[in-house]
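Reading through the structure tokens given below for one structure.
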Amino acid sequence: MIRVSVVGASGRMGQELFHVISLSPGLKPSVGFVSKKKQSTSFEYTAHEFNKESAAKTDVVIDFSSLEALPDVVSFCSKHRLPLVCGTTGLTSTHLQHLEKAGKKIPVLWAPNMSVGVAVLRRALSALSAVSEFDFQIEEFHHSKKKDNPSGTALQIQETLEKAIKRKCPQPIGVRGGGIIGTHKVYAMSDEEVLLFEHQAIHRRVFAKGAVRAALWLRKQKAGFYGIDDLLLK
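Here you go:
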């Protein structure tokens, strides 16, 4: 059995991960790292510290926690040579540098969005190079509790779009409200026509499934810094 530990185990994504891991053949939810302020008894994880004992119970780590926790997560995984899948968003260049540095010692996969649908959407945007003279705008919708605006996914989509059309675009428009899981739209507009590329996440579990898939793949990789495209779209 592959033992999967989760950082941010008491959160919404953490509980989705526990559900997916529990139902996946050959996987076992092992250690749950939980903020002391968010201890929960709604699942079978118990709170653990980043130490040798926790590392001994772990084969791979999935992190959907916070920017504040990320340095400790990276340090823990690097010290104990544990593969790390990170879905934390809102990262600064300094955070990314920490992950890239860790990738010299261990396999690290970071993605602001773990769904295969968003990966396919980003690949489809290459077709927009044929209408690079159009006007472009990205619009994204998330639940009212999402902290980063624009989202990490929207910024990644924008980066992909700008590479395709070879110029800068306006900043993504971020809407926050209700319980929307995540909707991302890319508009390409001329005076005569409008193209719309859209992805909707209708359940948070899609991200948990993607993260678990990434964890299984990452355990077989050499040290390096990977993205979701490395496993989904080869």
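The sequence shown begins at 6 in this note's numbering and counts up one residue at a time. All C-beta atoms, glycine included, are put in the ideal place defined by N, C-alpha and C.
Beta-bridge partners of Cys91 (DSSP): Asp68 and Trp115. In the three-state reduction of the DSSP assignment, Phe141 falls in the strand class.
Judged by DSSP in its simplified three-state form, Ser40 adopts coil rather than helix or strand. Beta-carbon to beta-carbon, Leu104 and Cys91 are separated by about 7 Å, close enough to satisfy the 8 Å threshold. Nearest to Val9 by alpha-carbon distance, out of Ala220, Asp235 and Leu237, is Ala220. In the DSSP assignment, Gly182 falls outside any alpha helix (DSSP H), carrying neither H nor E. For Ile162, the enclosing alpha helix (DSSP H) stretches over residues Gly157 to Ile170. Distance from the CA atom of Lys227 to the CA atom of Ile162, rounded to whole angstroms, is 27 Å. For Val136, no pairing in a beta bridge is given by DSSP. Inter-segment contact for the region 174-188 and the region 51-64 is absent: fewer than three beta-carbon pairs are separated by less than 8 Å. Looking at the DSSP output, Phe230 sits in a beta bridge with Val113. Taking a cut-off of 8 Å on C-beta distances, the region 149-168 touches the region 94-101, as three or more cross pairs fall below it.
For the pair Asp68 and Val78, the Cα-to-Cα distance works out to about 8 Å.
Bridge pairing for Gln205: Thr188 [DSSP].
For a cut-off of 8 Å, the C-beta gap from Lys214 to Val25 is around 6 Å, short enough to register as a contact.
Under the three-state reduction of DSSP, Phe146 is assigned to strand. Judged by beta-carbon spacing, Arg218 lies beyond the 7 Å limit of Glu21, meaning their Cβ atoms are not closer than that value. Per the C-alpha coordinates, the member of Ser59, Gln102 and Leu101 positioned closest to Arg86 is Ser59. Shortest Cα-Cα distance from Gly37 to any of Lys173, Phe23 and Leu28 involves Phe23. Remark: C-beta atoms of Ser83 and Ala107 approach each other more closely than 7 Å.
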